[in-house]
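Asker: Below is a structure I'd like to ask you about.
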Ligand SMILES: [Zn+2]
């Protein structure tokens, strides 16, 4: 029999090595693209300024499932003609700080699965207190969080206000919510944790309108004093961390109080 050729494996290996390298490189890229830990896999935040359309055109709201579970209203205090309080130079307005923080909280919340966020405003427009409550009540929201900043002479720190209605069924949830917010903000770092407070400023006999007239558990967060340089500096440097903390506190409250995550959809 003629010419049984001897295969030179060494030469074959040398000839094929560039192709093997190329295939290995492509496989690595594919694997990395599917890595669930990648930042890009988090749902992209979207903002809503009014009651959401529940009928289905939610193509750009990937974190809102058809069977939405947990509706959170984030209320940026003041806006438009109502500037709120100011810093000592009167160039920095509370309404702007409230909106900056609210937009960031919204983004962090929408990174969680099955959370539906509604904002009472997403730009510098005036929204009345009754309208803010109406938006939350008509959406049948599960939680309402109003974000503000404070002012006073010689004071600093954060505080969270809840209704002065200890017999209300919402009260334990509100205490949990406000407690978590204070705790997680303090973990980030605040000039002073003034804690959970009930009622309205110095009066135990009334409540903030947004707490009183919303049907769901609610709180009003005072994110430091605009009259305090330390608090303003903290607010600017730690905005993202504060927003993350508030979003985390809202989620922890939901888990503590069984407000969300029905057993059949979460193993
Ligand atoms: Zn305010």
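Residue numbers (our numbering): 3 to 269.
For glycine and all other residues, C-beta sits at the position ideal for the given N, C-alpha and C.
Computed from a predicted structure; not experimentally measured.
Which runs of the alpha helix (DSSP H), 4 residues or longer, sit entirely within the region 88-164?
Answerer: 96-112 and 131-140
Asker: Looking only at its chain, what residues have a beta carbon closer than 8 Å to the beta carbon of residue 90, apart from the 5 residues adjacent to it on each side?
Answerer: Here residue 90 refers to the residue found at position 88 of the chain shown. The beta carbon of residue 90 is closer than 8 Å to those of 229 in its chain, skipping five residues each way along the sequence.
Asker: With a threshold of 7 Å on Cβ separation, who are the neighbours of residue 80 within its own chain once the five nearest residues in sequence on each side are excluded?
Answerer: For the purposes of this step, residue 80 is identified with residue 78 of the chain shown, where counting begins at 1. Closer than 7 Å at the Cβ level, and outside the excluded window around residue 80, lie 86, 96, 97 and 100.
Asker: How would you call residue 208, buried or exposed, if buried means at least 16 neighbouring beta carbons within 10 angstroms?
Answerer: Walking along the chain shown from the start, residue 208 turns up at place 206. Exposed is the call here.
Asker: Taking the alpha carbon of residue 138 as the reference point, which residue from 82, 160 and 119 has its own alpha carbon closest?
Answerer: Within the chain shown, residue 138 is the residue found at index 136, counting from 1. Closest option to residue 138, Cα to Cα, is 119.
Asker: State the start and end residues of the unbroken alpha helix (DSSP H) segment that holds residue 227.
Answerer: One-based indexing of the chain shown puts residue 227 at position 225. First-last for residue 227: 220-227, but that is the beta strand (DSSP E), not the alpha helix (DSSP H).
Asker: Quick one: does the C-beta of residue 221 sit closer than 7 Å to a heavy atom of ligand 1?
Answerer: The residue you call residue 221 lines up with position 219 of the chain shown. Checking every heavy atom of ligand 1 against the Cβ of residue 221, none is found closer than 7 Å.
Asker: Going by DSSP in three states, residue 190 sits in which element: helix, strand or coil?
Answerer: Position 188 of the chain shown, counted from the first residue, corresponds to residue 190. Annotated three-state conformation of residue 190 is helix, per DSSP.
Asker: Contact defined as beta carbons within less than 8 Å: I believe residue 158 pairs with residue 232. What is the distance between those atoms, to the nearest angstrom?
Answerer: Within the chain shown, residue 158 is the residue found at index 156, counting from 1. Within the chain shown, residue 232 is the residue found at index 230, counting from 1. Sure, about 6 Å apart at Cβ, within 8 Å.
Asker: Assign residue 161 to one of two classes, buried (16 or more other C-beta atoms within 10 Å of its C-beta) or exposed (fewer than that).
Answerer: Position 159 of the chain shown, counted from the first residue, corresponds to residue 161. Looking at its Cβ environment, which holds 16 or more other Cβ atoms inside 10 Å, residue 161 is buried.
Asker: In chain order, what residues of the same chain lie with their CB nearer than 7 Å to the CB of residue 167, ignoring the 5 residues before and after it?
Answerer: Counted from its first residue, the chain shown places residue 167 at position 165. Excluding positions up to five away in sequence, the list reads 173.
Asker: Check whether the Cβ of residue 118 sits closer than 7 Å to any heavy atom of ligand 3, and report yes or no.
Answerer: For ligand 3, the structure offers nothing, since it holds only ligand 1.
Asker: When DSSP labels each residue in this structure, what does residue 166 get in the three-state scheme?
Answerer: Numbered from its first residue, the chain shown carries residue 166 at position 164. Coil at residue 166, not helix or strand.
Asker: DSSP beta-bridge partners for residue 77?
Answerer: As a position in the chain shown, residue 77 is number 75, starting the count at 1. Residue 77 is bridged to 148.
Asker: Does residue 171 pass the burial test, meaning 16 or more other C-beta atoms within 10 Å, or should it be called exposed?
Answerer: Here residue 171 refers to the residue found at position 169 when the chain shown is read from its first residue. By the 10 Å Cβ count, residue 171 comes out exposed.
Asker: So, residue 198 versus residue 244, is the Cβ gap smaller than 8 Å?
Answerer: For the purposes of this step, residue 198 is taken as the residue at position 196 of the chain shown. For the purposes of this step, residue 244 is taken as the residue at position 242 of the chain shown. Cβ atoms of residue 198 and residue 244: not closer than 8 Å.
Asker: Within its chain, find whatever has a CB closer than 7 Å to the CB of residue 176; leave out the 5 residues flanking it on each side and keep chain order.
Answerer: Locating residue 176 in the chain shown gives position 174, where the first residue counts as 1. Counting only Cβ-Cβ distances below 7 Å, and skipping sequence neighbours, we find 164, 165, 219, 220 and 221.
Asker: For ligand 1, is there a heavy atom less than 7 Å away from the beta-carbon of residue 161?
Answerer: Walking along the chain shown from the start, residue 161 turns up at place 159. No, ligand 1 has no heavy atom inside 7 Å of this Cβ.
Asker: With residue 149 and residue 223 assumed to form a contact (beta carbons below 8 Å), what rounded beta-carbon distance in angstroms separates them?
Answerer: Position 147 of the chain shown, counted from the start, is the residue given in the question as residue 149. Position 221 of the chain shown, counted from the start, is the residue given in the question as residue 223. Sure, about 5 Å apart at Cβ, within 8 Å.
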